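One structure is given here, and the rest of the page talks about it.
Numbering (the working numbering), first residue to last: 5 to 483.
Structure (structure tokens):
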């Protein structure tokens with residue numbers, strides 16, 4: 005045997021046929037793998053039964069040239085499940101997150117709805133409290149005005165044979181007998197003169213002194229204050245409402261008589277203090293005064309719309325009459341330097357004078373119709389009473405009240421309507437005719453309520469259903 009064969013034999017006997025690999029990775033992973041939880045990365049069967057299969061984490065021996073040592077780790081195959089329900093862990097987690105977010109949104113929406121409901125309930129309670137506070141403030145203000153009127157002096161009357169009864173009588177007042185036809189003509193019964201009242205003709209009323217008018221107005225203001233207080237505090241208000249209605253009708257009739265028969269006295273009556281004391285006239289009353297008075301009157305939205313409509317056509321009518329008067333006056337202001345032209349213009353001037361007089365009467369009639377529509381039509385009986393009591397010892401200026409209301413509603417200025425507002429003069433005449441027809445619909449039956457002006461139909465459409473506000477008297481000149 006040669007030495008080479010001997011060496012080969014020794015090598016074969018001293019060394020094993022297969023040497024272990026020097027890669028210790030398998031041993032390390034085997035020791036560490038028992039402490040690792042691979043379930044977070046591997047799918048779990050739907051049924052939850054079975055063991056986890058582990059994918060090989062190292063490179064095969066074919067690639068490394070080393071012999072791979074098999075691990076003694078028995079792995080069971082996953083349990084099959086339906087394809088529709090076999091979701092990965094990530095998908096299930098996203099699904100769970102979506103459900104959690106949906107529940108969170110529902111809880112958030114429920115909290116928001118609850119807060120919104122509580123807010124609405126609180127807001128309603130706050131509005132109710134504000135309304136109650138407003139009513140209490142209005143009631144306190146009314147009491148203050150009533151107390152001031154009752155404690156104030158009664159203006160001295162120059163009427164010798166009758167004295168003013170501040171209580172305006174205690175019995176029921178016949179509304180139908182407010183204006184009666186007698187041998188002397190139409191008369192008005194003024195209940196301010198004693199409990200039985202005093203019947204006076206229109207001429208007698210128009211010739212009343214300022215002191216007498218102030219005394220009657222003060223008596224009316226006191227009575228209206230008592231009626232308003234009784235209506236606000238009593239459960240049975242029928243008697244107070246009837247007296248308030250008759251008193252407001254009497255007040256309006258008195259004003260119409262004075263306005264028609266004695267314009268100079270009417271102007272003083274509607275501007276000076278009426279409590280017998282000296283002081284400034286009603287022109288000094290600020291916008292704040294009218295704002296507070298409008299709040300006390302508490303106009304509804306339809307009433308405000310009617311007042312704005314009345315304001316527009318009233319100023320349109322005044323502007324039309326003003327332009328007509330300027331045209332007439334321009335004919336009188338011709339060239340007077342030429343004697344012959346002046347003589348020729350005399351007959352024309354004679355014809356213009358009646359036209360100027362008619363123009364002035366039309367303007368004054370427009371003011372009276374405006375006042376009647378304002379207080380008798382658009383205002384209710386109670387609102388008229390509130391304005392009388394609140395503004396005492398003055399009579400409020402209706403035009404200024406309208407301008408304050410127009411400013412609150414952001415309406416155009418009065419000058420725009422006076423300038424024509426883009427309408428022809430004939431259209432202004434037609435528009436004002438609506439007020440004339442509107443006044444024919446006012447009567448004692450609808451005195452206590454608001455009679456709409458915008459939706460008013462011409463009285464001639466239903467002549468049998470319309471009762472005039474007064475019998476055929478000189479009052480008809482105003483309507």
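Here a beta-carbon is modelled for each residue, glycine too, at the ideal position from N, C-alpha and C. These numbers were taken from a predicted model, which means no experiment stands behind them.
| request: Flag this pair as yes or no: are the beta carbons of residue 256 and residue 380 separated by less than 7 Å? | output: Taking the chain shown and counting its residues from 1, one reaches residue 256 at position 252. Taking the chain shown and counting its residues from 1, one reaches residue 380 at position 376. It is a contact, given that the beta carbons lie within the stated cut-off.
| said: Residues in the same chain with beta-carbon distance under 7 Å from residue 225, minus the five sequence neighbours each way, listed in chain order, please. | reply: On the chain shown, position 221 is the one that residue 225 refers to. If we look at residue 225 and ignore the five residues flanking it on each side, its Cβ neighbours are 153, 392, 393, 396.
| query | Taking Cβ to Cβ, would you say residue 310 is nearer than 7 Å to residue 382? | reply | On the chain shown, position 306 is the one that residue 310 refers to. On the chain shown, position 378 is the one that residue 382 refers to. Their beta carbons are under 7 Å apart, which means residue 310 touches residue 382 by this criterion.
| Quick one: what's residue 202 bridged to in DSSP? | Your numbering for residue 202 matches position 198 in the chain shown. DSSP output for residue 202 lists 194 as bridge partner(s).
| Within 6 Å: the Cβ of residue 366 and any heavy atom of the ligand PLP? | Inclusion of the ligand PLP in the displayed structure is not the case, the ligand content being empty and no account of it being possible.
| said: According to DSSP, is residue 475 part of a helix, a strand, or is it coil? | reply: Reading the chain shown from its first residue, position 471 is the one you call residue 475. Its pLDDT being 34, under 50, residue 475 is placed unreliably in this model, and the value from its coordinates should be taken loosely. DSSP places residue 475 in coil when its eight states are reduced to three.
| said: In whole angstroms, give me the CA-to-CA distance for residue 48 and residue 109. | reply: Translated into positions along the chain shown, residue 48 becomes position 44. Translated into positions along the chain shown, residue 109 becomes position 105. Reliability of the predicted coordinates at residue 48 is poor, the pLDDT of 48 falling under 50, and no value is obtained from them.
| request: Can you have a look at residue 279 and say buried or exposed, based on whether 16 or more other CB atoms are within 10 angstroms of its CB? | output: Here residue 279 refers to the residue found at position 275 when the chain shown is read from its first residue. Buried is the call here.
| Spatially closest choice to residue 223 from 252, 432, 431, by CA coordinates | Here residue 223 corresponds to residue number 219 of the chain shown, with the count starting at 1. Distance from the Cα of residue 223 is smallest, within the candidate group 252, 432, 431, for 252.
| Would you report the Cα separation of residue 448 and residue 120, rounded to the nearest angstrom? | In the chain shown, residue 448 corresponds to position 444, counting from 1. In the chain shown, residue 120 corresponds to position 116, counting from 1. Their backbone Cα atoms lie some 49 Å apart in a straight line.
| request: Report the three-state DSSP secondary structure of residue 283 (helix, strand or coil). | output: Numbered from its first residue, the chain shown carries residue 283 at position 279. In the structure shown, residue 283 adopts coil according to DSSP, grouped into three states.
| task | Report yes if the CB atom of residue 232 is closer than 7 Å to the CB atom of residue 146, and no otherwise. | result | Within the chain shown, the letter at position 228 stands for residue 232. Within the chain shown, the letter at position 142 stands for residue 146. Using a Cβ distance threshold of 7 Å, residue 232 and residue 146 count as a contacting pair.
| Which value, in whole angstroms, describes the spacing of the CA atoms of residue 235 and residue 149? | If you number the chain shown from 1, residue 235 lands on position 231. If you number the chain shown from 1, residue 149 lands on position 145. Rounded to the nearest whole angstrom, the CA to CA distance from residue 235 to residue 149 is 16 Å.
| Can you list the alpha helix (DSSP H) stretches of 4 or more residues lying completely in the stretch 349 to 413, in chain order? | 385 to 395, 402 to 412
| Quick one: Cα of residue 2 to Cα of residue 103, how far? | Here the chain comprises residues numbered 5 to 483, so residue 2 is not present and cannot be evaluated.
| message | Let's test the definition: count the other Cβ atoms within 10 Å of the Cβ of residue 112 and tell me whether it reaches 16, buried, or not, exposed. | response | On the chain shown, position 108 is the one that residue 112 refers to. Residue 112 comes out exposed.
| Is residue 275 near residue 286, with beta carbons less than 7 Å apart? | Translated into the one-based positions of the chain shown, residue 275 becomes position 271. Translated into the one-based positions of the chain shown, residue 286 becomes position 282. Residue 275 is a Cβ neighbour of residue 286, given a cutoff of 7 Å.
| task | Would you kindly work out how many angstroms separate the C-alpha atoms of residue 373 and residue 441, rounded to a whole number? | result | Counted from its first residue, the chain shown places residue 373 at position 369. Counted from its first residue, the chain shown places residue 441 at position 437. Cα to Cα, the separation comes out at about 11 Å.
| request: Classify residue 321 as buried or exposed, calling it buried when 16 or more other Cβ atoms lie within 10 Å of its own Cβ. | output: By 1-based counting over the chain shown, the position of residue 321 is 317. It counts as buried.
| said: Measuring only the C-alpha atoms, how far is residue 315 from residue 406? | reply: Position 311 of the chain shown holds residue 315. Position 402 of the chain shown holds residue 406. The alpha-carbon atoms of residue 315 and residue 406 are separated by roughly 7 Å.
| field | Three-state secondary structure assigned by DSSP to residue 426 | value | Here residue 426 refers to the residue found at position 422 of the chain shown. Correct three-state label for residue 426: coil.
| query | Helix, strand or coil for residue 224 per DSSP? | reply | To locate residue 224, count along the chain shown from 1; it is residue 220. Three-state result, residue 224: helix.
| Which first and last residues belong to the alpha helix (DSSP H) in which residue 415 is found? | Locating residue 415 in the chain shown gives position 411, where the first residue counts as 1. First-last for residue 415: undefined, no H or E at that position.
| Of the choices 131, 411, 367, whose alpha-carbon is the least far from that of residue 326? | Translated into the one-based positions of the chain shown, residue 326 becomes position 322. Measuring from the Cα of residue 326, the nearest candidate turns out to be 367.
| query | residue 324 to residue 356, Cα distance in whole Å? | reply | Here residue 324 refers to the residue found at position 320 when the chain shown is read from its first residue. Here residue 356 refers to the residue found at position 352 when the chain shown is read from its first residue. C-alpha separation (whole angstroms): 17 Å.
| request: Please list, in chain order, all residues of the same chain as residue 297 whose beta carbon is under 6 Å from its beta carbon, the five residues on each side excluded. | output: Residue mapping note: residue 297 aligns to position 293 of the chain shown, counting from 1. Result list for residue 297: 394, in chain order.
| task | Check each candidate in 431, 400, 328 and name the one with the smallest Cα separation from residue 294. | result | Here residue 294 refers to the residue found at position 290 of the chain shown. Per the Cα distances, 400.
| task | Classify residue 209 as buried or exposed, calling it buried when 16 or more other Cβ atoms lie within 10 Å of its own Cβ. | result | Here residue 209 is taken as the residue at index 205 of the chain shown, counted from 1. The residue in question, residue 209, is buried, as its Cβ has 16 or more Cβ neighbours within 10 Å.
| message | In whole angstroms, give me the CA-to-CA distance for residue 446 and residue 258. | response | Start at 1 with the first residue of the chain shown, and residue 446 comes out as number 442. Start at 1 with the first residue of the chain shown, and residue 258 comes out as number 254. When rounded, the distance between both Cα atoms is 17 Å.
| said: Suppose the cutoff is 6 Å on Cβ atoms and the five residues either side in sequence are ignored; what does the same chain contact list for residue 261 look like? | reply: The sequence position of residue 261 within the chain shown is 257, counting from 1. Same-chain partners within the cutoff: 206, 209, 210.
| So what's residue 241 in DSSP terms, helix, strand or just coil? | Mapped onto the chain shown, residue 241 falls at position 237. If DSSP states are grouped into helix, strand and coil, residue 241 belongs with coil.
| said: Applying the 10 Å Cβ sphere with the 16-neighbour rule, what's the burial state of residue 126? | reply: Within the chain shown, numbered from 1, the residue matching residue 126 stands at position 122. Residue 126 is exposed by the Cβ-count criterion.
| query | If you run the structure through DSSP and keep just helix, strand and coil, what is residue 302? | reply | Position 298 of the chain shown, counting from 1, holds the residue named residue 302. The DSSP-derived three-state label of residue 302 is coil.
| residue 109 by DSSP, collapsed to three states: which one? | Position 105 of the chain shown, counted from the start, is the residue given in the question as residue 109. Reduced to three states, the DSSP call for residue 109 is helix.
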